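*Asks:* Before I ask anything, let me first share the structure, which is written out below as structure tokens.
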Amino acid sequence: MSKSPNTVPAVDDELTLSALEGLRKTPKQLSPVWFYDEEGSTLFDSICELPEYYLTRTEMQIMTQHGDDMARRIGPHAALIEFGSGSSDKTRVLLDKLESLACYVPIDISRDYLFETAGSLARDYPSLRITPVCADFTQPFDLPVHIAAAHRRIVYFPGSTLGNFETEAAQRVLTTMRTIIGRKGAVLIGIDLRKDPEVLQRAYNDAAGVTAEFNLNALRHINRELGTDFDVDAFEHSALWIENQSRIEMHLVSTRDQDVHLGDETVHIRRGEHLRTECCHKYTLEGFAELAASADLVVSRVWTDPEQKFSVQLLEPKPIQ
Ligand code: AVI
237 MSKSPNTVPA VDDELTLSAL EGLRKTPKQL SPVWFYDEEG STLFDSICEL PEYYLTRTEM
297 QIMTQHGDDM ARRIGPHAAL IEFGSGSSDK TRVLLDKLES LACYVPIDIS RDYLFETAGS
357 LARDYPSLRI TPVCADFTQP FDLPVHIAAA HRRIVYFPGS TLGNFETEAA QRVLTTMRTI
417 IGRKGAVLIG IDLRKDPEVL QRAYNDAAGV TAEFNLNALR HINRELGTDF DVDAFEHSAL
477 WIENQSRIEM HLVSTRDQDV HLGDETVHIR RGEHLRTECC HKYTLEGFAE LAASADLVVS
537 RVWTDPEQKF SVQLLEPKPI Q
């Protein structure tokens with residue numbers, strides 16, 4: 237990274253600064269937020285349909301098979317608060333099963349998608365009170381005051397998205413959930429499990445190349461949004477299983493030396509250099525229970541598929557001794 241000594245940085249917006257911060261790290265990093273422009277969201281929907289990407293299908297199968305038990309444990313008159321609600325697809329399974337739900341509060345950073353989905357849910361569940369909240373759940377946000385009237389507050393976080401956070405950030409997200417649910421509530425969360433690395437490698441290196449496109453699209457998005465000049469054609473997708481971190485890492489590897497301009501800075505990327513774009517942690521049941529415990533949450537029920545590929549877990553506040 238080079239910068240002429242006498243210039244005042246022209247970089248003053250938060251997005252540019254945080255992108256620069258990532259590119260100053262070793263290895264260089266790009267935030268996974270760059271995956272999700274319109275094209276990226278469509279590519280992610282296609283990933284969920286891929287034969288190699290077992291996560292979505294397996295979680296849906298668990299929800300369908302055990303939704304009645306989940307609804308029974310959640311109980312009547314709950315407020316359902318969903319983190320990163322997206323299409324709310326899996327939520328529909330719960331909405332069909334939960335008894336006299338007090339309200340549904342989907343939280344998502346993408347305003348258009350959030351309100352579009354809330355509108356379609358309102359048409360399908362006309363008697364349900366739906367209050368969308370447009371927010372980044374890793375930052376402080378307000379919830380509607382009417383959730384206080386519900387018997388319990390249930391935070392729903394499907395998709396194993398928690399696995400995309402580094403351990404400390406995952407602890408912070410769980411702590412936020414713990415604060416929201418108070419003493420009587422619960423968290424219902426989808427968690428992908430550790431398995432044969434071959435299966436994992438295939439899930440993130442699909443034969444049709446959709447995940448590669450999804451990864452490369454992050455560069456198109458950042459070029460468009462921040463005016464950077466990454467040479468997208470000079471990068472290759474790579475997804476590697478990192479055994480000692482129990483995670484898949486998605487990288488983009490530069491096939492040539494290139495200079496990328498961001499604000500008034502120039503970032504040099506060497507031929508063969510990796511940019512890390514995402515981490516996808518895979519947990520053992522014990523490992524996840526430990527992570528939950530670090531946020532004062534106890535695993536009270538685990539539902540899995542017969543091959544134990546994926547899990548949906550109910551977490552409750554640790555009892556006060
Ligand atoms: C959103 N998240 C849970 C996905 C995952 O599997 O970690 C994102 C993804 N990246 C590549 N394929 C899917």
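Going by the working numbering, the first residue of the sequence shown is number 237, and it counts up by one from there. For glycine and all other residues, C-beta sits at the position ideal for the given N, C-alpha and C. In this text the structure is predicted, and so the values were computed from the model without any measurement.
Short of 8 Å in beta carbon distance, which residues of its chain neighbour residue 238, apart from the five on each side in sequence? Order them along the chain.
*Replies:* For residue 238, the predicted structure reports a pLDDT of 40, less than 50, and the residue's modelled location is therefore unreliable. A value from the coordinates is still provided. Correct list, in chain order: 501, 502, 504.
*Asks:* Counting along the chain, where does the beta strand (DSSP E) carrying residue 472 start and finish?
*Replies:* First-last of the beta strand (DSSP E) with residue 472: 471-478.
*Asks:* Report the three-state DSSP secondary structure of residue 387 (helix, strand or coil).
*Replies:* In the structure shown, residue 387 sits in coil (DSSP, three-state: anything other than H, G, I, E or B).
*Asks:* Starting from residue 360, trace the alpha helix (DSSP H) both ways and give me its first and last residue.
*Replies:* Residue 360 -> alpha helix (DSSP H) spans 347-360.
*Asks:* How would you call residue 420, buried or exposed, if buried means at least 16 neighbouring beta carbons within 10 angstroms?
*Replies:* Classification of residue 420: exposed, given that the 10 Å Cβ count is below 16.
*Asks:* Where residue 344 and residue 320 are concerned, what is the direct C-alpha to C-alpha distance, given to the nearest angstrom?
*Replies:* Their backbone Cα atoms lie some 5 Å apart in a straight line.
*Asks:* Whose C-alpha, out of 467, 383, 548, 264, is nearest the C-alpha of residue 293?
*Replies:* Considering only alpha carbons, the answer is 548.
*Asks:* Looking only at its own chain, which residues have a Cβ that is under 7 Å from the Cβ of residue 541, when we skip the five neighbours before and after it?
*Replies:* Once the five neighbours on either side are set aside, the close Cβ partners of residue 541 are 294, 297, 298.
*Asks:* Tell me the DSSP secondary structure of residue 313 in three-state form.
*Replies:* Coil.
*Asks:* Counting only the same chain and skipping the five closest in sequence on each side, list residues whose C-beta sits under 8 Å from that of residue 533.
*Replies:* These residues qualify, in order along the chain: 410, 413, 414, 423, 551, 552, 553, 554.
*Asks:* If we count the other Cβ atoms within 10 Å of its Cβ and call it buried at 16 or more, is residue 314 buried or exposed?
*Replies:* Counting Cβ neighbours within 10 Å, residue 314 comes out buried, since at least 16 surround it.
*Asks:* Give every residue of the same chain whose Cβ lies closer than 6 Å to the Cβ of residue 372, excluding the five residues on either side of it in the sequence, and list them in chain order.
*Replies:* Closer than 6 Å at the Cβ level, and outside the excluded window around residue 372, lie 345.
*Asks:* Cβ atoms of residue 436 and residue 518: under 8 Å apart, would you say?
*Replies:* Cβ distance < 8 Å, so residue 518 and residue 436 count as in contact.
*Asks:* With a CB to CB cut of under 6 Å and the five nearest residues on each side skipped, what residues in its chain are close to residue 438?
*Replies:* Correct list, in chain order: 288.
*Asks:* Can you tell me whether residue 481 is buried or exposed, with buried defined as 16 or more other CB within 10 angstroms of its CB?
*Replies:* Exposed: under 16 other Cβ atoms inside 10 Å.
*Asks:* The ligand AVI and residue 321: does any heavy atom of the ligand fall closer than 7 Å to the residue's C-beta?
*Replies:* Result no, Cβ not under 7 Å from the ligand AVI.
*Asks:* 8 Å is my cut-off, CB to CB: does residue 321 come that close to chain D?
*Replies:* Any reference to chain D falls outside this structure, which holds one protein chain only.
*Asks:* Taking only the alpha-carbon atoms, compute the straight-line gap between residue 395 and residue 387 and give it to the nearest angstrom.
*Replies:* Distance between the alpha carbons of residue 395 and residue 387: 26 Å.
*Asks:* Mind checking whether residue 507 and residue 492 have CB atoms under 8 Å apart?
*Replies:* Taking 8 Å as the Cβ cut-off, residue 507 and residue 492 qualify as a contacting pair.
*Asks:* Which residue marks the beginning of the beta strand (DSSP E) containing residue 271, and which one marks its end?
*Replies:* Neither: residue 271 is in no beta strand (DSSP E) and is coded neither H nor E.
*Asks:* Just the Cα atoms here: how many angstroms apart are residue 494 and residue 331?
*Replies:* Answer to the nearest angstrom: the Cα atoms are 50 Å apart.
*Asks:* From 487, 485, 460, pick the residue whose C-alpha is nearest to that of residue 497; which is it?
*Replies:* When each option's Cα is compared against that of residue 497, the closest is 460.
*Asks:* Is residue 389 buried or exposed, if buried means 16 or more other CB atoms sit within 10 Å of its CB?
*Replies:* By the 10 Å Cβ count, residue 389 comes out buried.
*Asks:* Rounding to the nearest angstrom, what Cα-Cα distance links residue 525 and residue 403 in this structure?
*Replies:* Between residue 525 and residue 403, the C-alpha separation is close to 13 Å.
*Asks:* Taking the beta carbon of residue 368 as the centre, do at least 16 other beta carbons fall within 10 Å, making it buried, or is it exposed?
*Replies:* Its Cβ being crowded by 16 or more others within 10 Å, residue 368 is buried.
*Asks:* Excluding sequence positions up to five away, which residues of its chain have a Cβ less than 8 Å from the Cβ of residue 280?
*Replies:* Within the same chain, residue 280 has close Cβ partners 271, 272, 450.
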